[in-house]
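Visitor: With this note's numbering as the guide, the letters of the sequence shown map in order to residues 258 to 866.
Ideal Cβ placement from N, Cα and C applies to all residues, glycine included.
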Amino acid sequence: MSLFKKQKEQNELEQYLEPAVLLKNKLAPGWMEEHRNHLVFGGNYARTLLVVDYPNSVRGNWLSRLYRFSGNMNISTHLVPVPSDKMVRHLNQSIEEYQVRLNQPLSPVRRKETERKQRSAEKMLEVLLHHNHKTIFLVHTYIHLQAASLEELDRLTERLQSVIWKTGLSVVPARDNMLEAFRSVLPISDVRLPHYTHQNMHTSAASSMLPFDESELFMKSGIIMGHNLHTDNVVLVDMNDKKAFPSRNMLILGTTGMGKSFFMQKHLLRQWVLESADTRFFILDPEREFARVVSQIGGQVIRISNNTEHIINPFHILHDATDDDMQGSVLFLKMQRLKIFCKLIYPDMTILESALLERALFAVYAQYGITEETVFAGRDAHLFPTLGDLYQLLEGLAYAQLASFRDILRMYTEGTNSKLFNGVTNVNLHNSVICFDIKDLQQDGDSQPVAMFNILSFLWEEITRDRVHGKKLYVDEAHLLMGSAKSAMFLLDVYKRIRKYEGEAIVASQQPIDFLGTVEGSHNVGKAILNNSISMLLLGLQDNDIRDLKQHDVLRLSEEEEHIISRRRQGEGIYVVGHHRVFMKVDVTPEELRLIDPQQYAERYKEVT
Numbered sequence: 258m259s260l261f262k263k264q265k266e267q268n269e270l271e272q273y274l275e276p277a278v279l280l281k282n283k284l285a286p287g288w289m290e291e292h293r294n295h296l297v298f299g300g301n302y303a304r305t306l307l308v309v310d311y312p313n314s315v316r317g318n319w320l321s322r323l324y325r326f327s328g329n330m331n332i333s334t335h336l337v338p339v340p341s342d343k344m345v346r347h348l349n350q351s352i353e354e355y356q357v358r359l360n361q362p363l364s365p366v367r368r369k370e371t372e373r374k375q376r377s378a379e380k381m382l383e384v385l386l387h388h389n390h391k392t393i394f395l396v397h398t399y400i401h402l403q404a405a406s407l408e409e410l411d412r413l414t415e416r417l418q419s420v421i422w423k424t425g426l427s428v429v430p431a432r433d434n435m436l437e438a439f440r441s442v443l444p445i446s447d448v449r450l451p452h453y454t455h456q457n458m459h460t461s462a463a464s465s466m467l468p469f470d471e472s473e474l475f476m477k478s479g480i481i482m483g484h485n486l487h488t489d490n491v492v493l494v495d496m497n498d499k500k501a502f503p504s505r506n507m508l509i510l511g512t513t514g515m516g517k518s519f520f521m522q523k524h525l526l527r528q529w530v531l532e533s534a535d536t537r538f539f540i541l542d543p544e545r546e547f548a549r550v551v552s553q554i555g556g557q558v559i560r561i562s563n564n565t566e567h568i569i570n571p572f573h574i575l576h577d578a579t580d581d582d583m584q585g586s587v588l589f590l591k592m593q594r595l596k597i598f599c600k601l602i603y604p605d606m607t608i609l610e611s612a613l614l615e616r617a618l619f620a621v622y623a624q625y626g627i628t629e630e631t632v633f634a635g636r637d638a639h640l641f642p643t644l645g646d647l648y649q650l651l652e653g654l655a656y657a658q659l660a661s662f663r664d665i666l667r668m669y670t671e672g673t674n675s676k677l678f679n680g681v682t683n684v685n686l687h688n689s690v691i692c693f694d695i696k697d698l699q700q701d702g703d704s705q706p707v708a709m710f711n712i713l714s715f716l717w718e719e720i721t722r723d724r725v726h727g728k729k730l731y732v733d734e735a736h737l738l739m740g741s742a743k744s745a746m747f748l749l750d751v752y753k754r755i756r757k758y759e760g761e762a763i764v765a766s767q768q769p770i771d772f773l774g775t776v777e778g779s780h781n782v783g784k785a786i787l788n789n790s791i792s793m794l795l796l797g798l799q800d801n802d803i804r805d806l807k808q809h810d811v812l813r814l815s816e817e818e819e820h821i822i823s824r825r826r827q828g829e830g831i832y833v834v835g836h837h838r839v840f841m842k843v844d845v846t847p848e849e850l851r852l853i854d855p856q857q858y859a860e861r862y863k864e865v866t
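1. With H, G and I counted as helix, E and B as strand and the rest as coil, what does DSSP make of Q456?
2. From the DSSP output, in three-state form, read off H484 for me.
3. Shortest alpha-carbon distance to D542 belongs to which of V833, H736, S419?
4. Counting only the same chain and skipping the five closest in sequence on each side, list residues whose C-beta sits under 7 Å from that of T682.
5. Among A657, Q403, I770, A620, which one has its Cα closest to the Cα of G740?
6. Look up K842 in the DSSP assignment and say whether it is helix, strand or coil.
7. Does DSSP put D342 in a helix, in a strand, or in coil?
8. Roughly how many whole angstroms lie between the Cα atoms of E630 and S586?
9. In angstroms with no decimal places, state the Cα-to-Cα distance between V491 and G479.
10. Can you give, in chain order, each stretch of the alpha helix (DSSP H) that sits fully within the segment 406-454 and has at least 4 residues?
11. From what residue to what residue does the beta strand (DSSP E) around S766 run?
12. Comparing C-alpha positions only, which one of L614, P340, L474 sits nearest to C599?
13. Please determine, among Q658, L644, D844, F641, the residue with the shortest C-alpha to C-alpha distance to S611.
14. Checking 8 Å against the spacing of the C-beta atoms, do R204 and T512 come in under that value?
15. Kindly list the residues whose CB is nearer than 8 Å to the CB of R368, restricted to its own chain and excluding five residues on each side of it in sequence; keep chain order.
16. Cβ of T414 within 8 Å of Cβ of R505?
17. Using the Cα positions of Q403 and R325, report the straight-line distance between them to the nearest angstrom.
18. Taking its Cβ as the centre, do 16 or more other Cβ atoms sit within 10 Å of V494, making it buried, or is it exposed?
19. Might you give, ordered along the chain, the residues of its own chain that have their beta carbon closer than 7 Å to the beta carbon of L307, omitting 5 neighbours on each side?
20. Starting from Y858, trace the alpha helix (DSSP H) in both directions and tell me its first and last residue.
21. F298 bridges to which residues according to DSSP?
22. According to DSSP, which residues form a beta bridge with R537?
23. Quick check on the DSSP output: the alpha helix (DSSP H) that includes Y622 runs from which residue to which?
24. Using beta-carbon positions only, say whether L796 and G483 come within less than 8 Å of one another.
25. Leaving out five residues before and five after S562 in sequence, what residues of the same chain have Cβ atoms less than 7 Å from its Cβ?
26. On the DSSP bridge list, what partners appear for H397?
27. Check Q584 in the structure and name its three-state DSSP category.
28. Specify, as a first and last residue, the run of the alpha helix (DSSP H) that L748 falls within.
29. Among all the DSSP beta bridges, which residues are the ones paired with M507?
30. In this structure, how does DSSP classify I574 when only helix, strand and coil are distinguished?
31. With a cut-off of 8 Å on the beta carbons, I'd call Y648 and L677 a contact; round off their distance for me.
32. Whole angstroms are fine: how far does the CA of Y858 sit from the CA of A745?
33. In terms of alpha-carbon separation, which member of L798, V530, Y752, L486 lies closest to I554?
34. Sort K380, H820, S327, R616 by Cα distance to S419 and report the nearest one.
35. Please determine if the segment 809-829 and the segment 778-787 are in contact, where contact requires at least 3 C-beta pairs separated by less than 8 Å.
36. Determine, using beta carbons only, whether R724 and Y752 come nearer to each other than 8 Å.
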């Protein structure tokens, strides 16, 4: 009976282990051949290196060069805990043995090596006896390389040796023991050749071996931001993951020609392909960088200039009664934006003039029957006042103190800028991708920031009408809005609140000081925008730009990161997401390049566009 029971238990065990055995057999190579200096299996060549010694002292991230090595490499580190009392006995015995050796005739090299080992053992004993460390670890480290040919494996080994030398590690190939060393790197916790690789470390030293600084940013889904130049992998980020990211805003900084607009266009194309059909894209394009791409994907380009018929009436109010985020009167909120608009026209406006202007704005709305009780949902665009109405109202004696402002306003109602602002709103926002092109206003430096603010204010009202569908707002050359503290504060408000409407803002500018130099009272508006960026892409910057980042304590960069940015290589920079950062190169597919830059596409692929 007992024999039958034992056979039954063995059969049940075999049935239980059979799936695991089958999986193991499927994963295992069909054959393996061991050579003195390498292994051959499954058409691959492999070599395992043994770490036999470590530097005497290290600093933080001391193994980062090794972890970022580009190649088919695996590092296997085994930490075997040893009770402190047992280690004390072992160290005591080792120190006595070293003392005996030193009393004997030794070559200079052997003497130096023995003295070093004795000092190391004495230091470890000191830690155990006086610092109350309960656990000591035996650390075993193996570095495994793999390639498609023996020549490639040798080249890989040679490249790795130079990196290892810089870390201070001492390694040797597991000659005549390649199979045993290979078993040590498999995920089965089987330490082979321990007499070659063991090193005593207390908790602090052992923790420095863990790759907390490994430069990798690869999520389960999302869009590819670029190519990780440290690890040779793609940078894949899902900004729609609300658990990982509280917001989705992104700031891009880089001097002219470093690829800011190129990255934004590529980002737009990939977002447009992956997002749902209900997602809307809004672009402020001061340099006419996006117009070609938007047109080719079926979007709408609205060109704002002194010679076009497109007008956005600054007095127009877009608001639905279902929007419950508006605190207080919708008219009061619009009034604040109108005052910013007017101060962009007349920056020297005093507090008294601002108060008088507010009275005039309420009065001109009243001429159209608009009060704080008015419902604006469905209201026709013709039923709003215009800048011309404000200009006529200010002609009266009651507003004589606004005479200087009125003289400047005339340029916007009857002069060269009248076609930009004075009239009924006639732009169509029905397309899912809309680009506002204001490049033609570059020759008139005064009107471009005003137009940009007017467009952003109008789009913000459109964005806040809906809380369900996704929105992507791209603002290129954002420094145009940072010239005034008031317009900068509005950009900050948009930046902070857009997530409530299922939106994200992607903002680009040339220099950090464009943001950091904008202050309202004691509030650094630019620094607040940088701090509200869940992700940042720092492309090539001048040395003084890097100093500005450090001086304002916005982002702490390592010496290596500063070197990368200061080299100013087009498309290369530091990409930061939350607490993660990678050295990244902006990538592009052939089709994306064809849409963004047909000339560069033709040169690269030798085709005629």
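Guide: This is what the structure gives:
1. strand
2. strand
3. H736
4. I568, I569, N570, H573, A638
5. I770
6. strand
7. helix
8. 7 Å
9. 12 Å
10. 407-424, 435-442, 451-454
11. 760-766
12. L614
13. Q658
14. Since the displayed the chain opens at 258 and closes at 866, residue 204 lies outside it and no answer follows.
15. L359
16. no
17. 16 Å
18. buried
19. Y399, V428, V429, A431, A438, L450, Y453, T454
20. 855-862
21. M289, N301
22. K728
23. 608-623
24. no
25. D697, L698
26. H335
27. The predicted position of Q584 is uncertain, since its pLDDT is 45 and thus under 50; no value can be drawn from it.
28. 742-754
29. I763, S792
30. coil
31. Between L677 and Y648 the Cβ distance is about 14 Å, and since that is not below 8 Å, they are no contact.
32. 37 Å
33. V530
34. S327
35. yes
36. no
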